[in-house]
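As they're listed, the protein sequences go chains A and B.
Using UniProt numbering, the letters of the first sequence correspond one by one to residues 1 to 297.
Using UniProt numbering, the letters of the second sequence correspond one by one to residues 1 to 297.
Quick notes on the structure that follows.
Number of protein chains: 2
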Amino acid sequence: MARQPTLKQLSYLSALAEHGHFGNAARACHVSQSTLSAAIIELESLLGVALVERSNRRVLLTALGDEVIKRSRSILTDVEDLVATCEASAEPFSGRMRLGVIPTIAPYTLPHLLKQLRRKHPEFQLFIREELSARLVNALHLGELDVLLLALPFAADRVETRHLFHDDFVFACPPDYPLADNAKVHAADLRSHELLLLEDGHCLRDHALEACSLNEVELKIPYQATSLTTIVQMVANGIGVTLLPQMALDARILSGTGVKAHQFKESGVSRSIGLMWRSNSPRREEFSLLGDFIAAS
Amino acid sequence: MARQPTLKQLSYLSALAEHGHFGNAARACHVSQSTLSAAIIELESLLGVALVERSNRRVLLTALGDEVIKRSRSILTDVEDLVATCEASAEPFSGRMRLGVIPTIAPYTLPHLLKQLRRKHPEFQLFIREELSARLVNALHLGELDVLLLALPFAADRVETRHLFHDDFVFACPPDYPLADNAKVHAADLRSHELLLLEDGHCLRDHALEACSLNEVELKIPYQATSLTTIVQMVANGIGVTLLPQMALDARILSGTGVKAHQFKESGVSRSIGLMWRSNSPRREEFSLLGDFIAAS
DNA sequence: ATCATTGATCGATTATTACGATGGCGCGTC
DNA sequence: GACGCGCCATCGTAATAATCGATCAATGAT
Numbered sequence: 001m002a003r004q005p006t007l008k009q010l011s012y013l014s015a016l017a018e019h020g021h022f023g024n025a026a027r028a029c030h031v032s033q034s035t036l037s038a039a040i041i042e043l044e045s046l047l048g049v050a051l052v053e054r055s056n057r058r059v060l061l062t063a064l065g066d067e068v069i070k071r072s073r074s075i076l077t078d079v080e081d082l083v084a085t086c087e088a089s090a091e092p093f094s095g096r097m098r099l100g101v102i103p104t105i106a107p108y109t110l111p112h113l114l115k116q117l118r119r120k121h122p123e124f125q126l127f128i129r130e131e132l133s134a135r136l137v138n139a140l141h142l143g144e145l146d147v148l149l150l151a152l153p154f155a156a157d158r159v160e161t162r163h164l165f166h167d168d169f170v171f172a173c174p175p176d177y178p179l180a181d182n183a184k185v186h187a188a189d190l191r192s193h194e195l196l197l198l199e200d201g202h203c204l205r206d207h208a209l210e211a212c213s214l215n216e217v218e219l220k221i222p223y224q225a226t227s228l229t230t231i232v233q234m235v236a237n238g239i240g241v242t243l244l245p246q247m248a249l250d251a252r253i254l255s256g257t258g259v260k261a262h263q264f265k266e267s268g269v270s271r272s273i274g275l276m277w278r279s280n281s282p283r284r285e286e287f288s289l290l291g292d293f294i295a296a297s
Numbered sequence: 001m002a003r004q005p006t007l008k009q010l011s012y013l014s015a016l017a018e019h020g021h022f023g024n025a026a027r028a029c030h031v032s033q034s035t036l037s038a039a040i041i042e043l044e045s046l047l048g049v050a051l052v053e054r055s056n057r058r059v060l061l062t063a064l065g066d067e068v069i070k071r072s073r074s075i076l077t078d079v080e081d082l083v084a085t086c087e088a089s090a091e092p093f094s095g096r097m098r099l100g101v102i103p104t105i106a107p108y109t110l111p112h113l114l115k116q117l118r119r120k121h122p123e124f125q126l127f128i129r130e131e132l133s134a135r136l137v138n139a140l141h142l143g144e145l146d147v148l149l150l151a152l153p154f155a156a157d158r159v160e161t162r163h164l165f166h167d168d169f170v171f172a173c174p175p176d177y178p179l180a181d182n183a184k185v186h187a188a189d190l191r192s193h194e195l196l197l198l199e200d201g202h203c204l205r206d207h208a209l210e211a212c213s214l215n216e217v218e219l220k221i222p223y224q225a226t227s228l229t230t231i232v233q234m235v236a237n238g239i240g241v242t243l244l245p246q247m248a249l250d251a252r253i254l255s256g257t258g259v260k261a262h263q264f265k266e267s268g269v270s271r272s273i274g275l276m277w278r279s280n281s282p283r284r285e286e287f288s289l290l291g292d293f294i295a296a297s
């Protein structure tokens with residue numbers, strides 16, 4: 001395997017080509033003339049070719065030297081770009097980050113969040129991936145994602161989580177449902193309704209039931225949908241009732257459907273929204289700052 | 001000025017990303033694990049960012065690390081290309097060379113020479129510049145050219161020259177000129193003819209006169225042309241006679257014109273064709289080999 | 001609980017880089 | 001044509017950095 005020239009050698013060569021003079025080039029590089037001379041000699045010896053032609057009056061580039069200079073300058077520029085990229089990423093909200101989000105959060109939180117991020121931190125590149133919690137955690141451990149935005153708790157090893165805010169559940173029923181407009185419902189009353197829920201795998205399902213202290217087996221669950229929007233349509237058509245997260249309502253998921261929403265009499269009927277990252281991730285503070293940002297926006 | 005990462009560090013990082021394991025990567029780089037570990041730490045410290053995420057089971061790349069890896073690989077490839085370019089140029093006839101040629105040689109020698117070069121040394125890139133000797137020497141000293149192919153002698157400082165071969169002069173006259181077909185002419189006889197020569201600056205003019213031991217003032221020179229082809233046309237039209245280099249005849253400069261060529265009775269009526277390069281050029285042997293090639297072809 | 005694996009750390013050694021001083025060469029000058 | 005000047009190469013030495021083997025600490029696996 002042939003040895004490689006040093007970036008330092010290449011930059012010295014570049015300076016030499018620019019100044020056409022060993023002494024001046026050395027001064028520009030903040031090294032002694034002998035150092036630069038030795039570096040050029042070493043470089044030429046390494047490459048096995050003559051790059052510059054010395055004379056007492058000036059220094060000339062060989063035809064090959066010219067080619068090498070061009071390549072060297074390109075390489076040096078690339079290295080500087082690499083460093084600049086890292087420098088830009090050194091401060092929070094200026095690099096790139098891969099965020100996994102579950103489907104019952106993404107459509108309701110991301111539009112506003114991304115808009116705010118773009119406004120406050122235009123350099124920040126946030127890549128989004130929307131999948132079920134289990135898949136997200138898997139991707140997290142595979143290193144495909146850096147941090148997850150999901151509903152907690154969700155069992156996972158070697159991770160840290162941070163709670164951001166609570167997202168209340170509300171009771172959603174058809175327009176003609178026998179319930180006064182401003183009435184609040186009891187979580188326990190759900191047992192007597194045809195409850196529409198998302199299909200297995202969506203944590204919203206589990207969290208909603210748990211928040212209401214309900215057990216799946218004691219409920220009538222006629223159908224399982226794949227998205228909250230679908231469920232809302234089904235509720236609007238009188239097929240049943242459901243539980244919706246407040247953030248979906250805030251995002252106007254009910255607008256135009258006539259479906260009525262009722263708060264629960266009990267407090268704490270909610271899910272916890274939080275971040276999750278690998279416990280040995282080197283970007284913990286940055287994730288934490290992202291959490292602050294999400295909670296605040 | 002921010003410090004630069006080392007190519008070694010970048011290659012270690014690349015190996016680490018490839019193997020996902022410090023020990024294996026170190027083995028692949030033929031260094032100890034501690035060395036590679038220290039190098040990565042140093043690199044991260046230098047860039048001020050976390051590139052890899054360590055755990056006891058595997059090594060994961062940060063999102064930024066992924067970006068850095070991509071850039072690093074590109075840089076490393078560029079460096080390898082640079083080295084390869086030089087290696088290819090290390091052996092003669094495989095790099096690039098800038099050759100200056102005078103107008104009274106170029107059209108008659110280059111076609112065949114370049115064809116042979118391409119055949120024997122397809123990797124060799126020879127850049128040609130055609131100008132008068134004085135300009136070529138100037139360009140040579142400016143470093144714009146590496147070597148010249150011209151007629152010798154030509155006064156110049158700090159150069160070395162090498163004679164390659166003699167190029168005989170022949171006497172060229174109109175078809176109806178009063179001279180037996182196979183007759184040879186005396187150089188001294190030129191005094192009585194209307195002699196057409198190239199304009200000032202062409203060394204052919206001086207060399208031709210000197211080869212014939214003639215002085216410009218004792219000749220009838222009705223017109224000065226800018227190219228041998230033009231002169232031949234004028235000779236064909238009966239305007240006068242001229243001296244032509246044998247290489248031009250070999251290149252069939254007379255074909256179709258009816259102009260007759262006559263050798264000189266004297267031997268040594270010729271010009272010397274040779275190479276010239278800066279005396280401190282580092283490619284002397286290569287120029288010499290090029291000379292061999294030209295003389296042989 | 002114990003063990004195996006892995007990356008980080010430590011101290012010693014070696015290799016590299018850098019410097020100032022000096023030498024040698026080519027060019028211009030007197 | 002001898003001299004002086006400017007310039008790059010070389011040398012010896014000092015500082016710096018790279019590398020190694022051994023060991024430690026942390027983390028999963030058994």
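C-beta: ideal position from N, C-alpha, C; glycine also.
Remember, it's a predicted structure, so these values are computed and weren't measured experimentally.
Are Leu99/B and Leu126/B closer than 8 Å when you measure CB to CB? Yes.
Say whether the region 195-203 of chain A touches the region 9-21 of chain B, bearing in mind that this needs 3 or more beta-carbon pairs closer than 8 Å, one atom from each stretch. Taking 8 Å as the limit for Cβ pairs, the verdict is that the region 9-21 of chain B does not touch the region 195-203 of chain A.
Answer with buried or exposed for Ala15/B, where buried requires no fewer than 16 other C-beta atoms within 10 angstroms of its C-beta. When all chains shown are included, Ala15/B counts as buried.
Whole-Å CB distance - Asp157/B paired with Ile273/B, under 8 Å assumed: No, Asp157/B and Ile273/B are not in contact; Cβ-Cβ is about 21 Å, not under 8 Å.
Pairwise C-alpha distance: Ala28/B and Ile69/B: Their backbone Cα atoms lie some 17 Å apart in a straight line.
Please report the Cβ distance between Asp78/B and Ile40/A, rounded to the nearest whole angstrom; I am assuming they are in contact, meaning their Cβ atoms lie under 8 Å. About 20 Å; that fails the 8 Å criterion.
Report the neighbours of Arg129/A on chain B: residues whose CB is nearer than 8 Å to its CB, in chain order. Simply none; closest approach about 12 Å.
Does the beta carbon of Gly23/B come closer than 8 Å to any beta carbon on chain A? Answer no: the Cβ-Cβ gap between Gly23/B and chain A never drops below 8 Å.
Determine the extent of the beta strand (DSSP E) in which Cys173/B is found, giving its start and end residues. Per DSSP, Cys173/B is one residue of the beta strand (DSSP E) stretching across Val159 to Cys173.
Is Phe93/A closer than 8 Å to Val59/A when the C-beta atoms are compared? Contact: no.
Less than 8 Å separating the beta-carbons of Val269/A and Ala187/A? For Val269/A and Ala187/A, yes; Cβs fall inside 8 Å.
As an exercise, report each continuous beta strand (DSSP E) stretch of at least 3 residues that is fully enclosed by the region 23-57 of chain A, in chain order. Qualifying beta strand (DSSP E) stretches, in chain order: 52-54.
Outcome for Leu140/A when other beta-carbon atoms lying within 10 angstroms are tallied against a minimum of 16: Buried.
Mark Arg118/A as exposed unless 16 or more other C-beta atoms lie within 10 angstroms of its C-beta, in which case mark it buried. Classification for Arg118/A: exposed.
Do you know whose CA, among Ser281/A, Ala251/A and Ala296/A, lies nearest Glu53/B's CA? Minimum Cα distance to Glu53/B is reached at Ser281/A.
Please state whether DSSP places Gln263/A in a helix, a strand or coil. In the three-state reduction of the DSSP assignment, Gln263/A falls in the coil class, being assigned neither a helical nor a strand state.
Closest to Ala17/B by CA distance: which of Ala63/B, Leu47/B, Gly48/B and Ser45/B is it? The shortest Cα separation from Ala17/B among Ala63/B, Leu47/B, Gly48/B and Ser45/B belongs to Ala63/B.
What number of angstroms, rounded off, separates the C-alpha of Phe165/A from the C-alpha of Pro5/A? When rounded, the distance between both Cα atoms is 55 Å.
Hey, does Asn280/A have any beta-carbon neighbour from chain B nearer than 8 Å? Chain B contact via Cβ: present.
Min CB distance Gly240/B to chain A below 8 Å: By this cut-off, Gly240/B is not an interface position.
Using alpha carbons as the reference points, say which of Ala248/A, Leu195/A, Ile102/A and Glu266/A lies closest to Met276/A. The shortest Cα separation from Met276/A among Ala248/A, Leu195/A, Ile102/A and Glu266/A belongs to Ile102/A.
When DSSP labels each residue in this structure, what does Arg252/A get in the three-state scheme? If DSSP states are grouped into helix, strand and coil, Arg252/A belongs with coil.
Distance, Cα to Cα, Gly65/A vs Arg71/A? Going by the C-alpha atoms only, they are around 10 Å apart.
Does the beta-carbon distance from Gly95/B to Leu61/A come in below 8 Å? Gly95/B is not a Cβ neighbour of Leu61/A, given a cutoff of 8 Å.
For a minimum of 3 consecutive residues, which ranges assigned as the beta strand (DSSP E) are wholly contained in the region 45-131 of chain A? The region 45-131 of chain A contains these whole beta strand (DSSP E) runs: 52-54, 59-61, 96-101 and 125-130.
Could you check which residue in Ile105/A, Glu130/A, Ala183/A and Leu113/A has the C-alpha nearest to that of Ala151/A? Check the Cα spacing between Ala151/A and each of Ile105/A, Glu130/A, Ala183/A and Leu113/A: the tightest is with Ile105/A.
Give me the chain A residues within the contact set of Cys212/B, using Cβ-Cβ distance strictly less than 8 Å, ordered along the chain. Those within 8 Å of Cys212/B in chain A number zero; the least Cβ separation is about 39 Å.
Buried or exposed: where does Glu216/A fall if 16 or more other Cβ atoms within 10 Å of its Cβ makes it buried? By the neighbour-count definition (other C-beta atoms within 10 Å, threshold 16), Glu216/A is an exposed residue.
Whose Cβ in chain B lies nearer than 8 Å to the Cβ of Asp157/A? None at all; the shortest Cβ gap to chain B is about 11 Å.
Under 8 Å by beta carbon: chain B residues contacting Arg71/A: Here the neighbours are Asp78, Asp81, Leu82 and Thr85.
Strand pairing of Met234/B, partner residues [DSSP]: Answer is none; Met234/B lacks a bridge partner.
What does Ala208/B reach in chain A if we use C-beta pairs closer than 9 Å? Chain-ordered listing is empty here: chain A has no CB closer than 9 Å to the CB of Ala208/B, the nearest sitting near 33 Å.
State the CB to CB distance for the pair Ile239/A and Leu196/A, rounded to an integer number of angstroms; the pair is presumed to be in contact (CB under 8 Å). About 7 Å; that satisfies the 8 Å criterion.
Shorter than 8 Å from the beta carbon of Arg118/A to some beta carbon of chain B? It does not: the Cβ of Arg118/A has no partner Cβ on chain B nearer than 8 Å.
Strictly below 8 Å CB to CB, what residues from chain B border Ala90/A? Result: Leu47, Gly48 and Val49.
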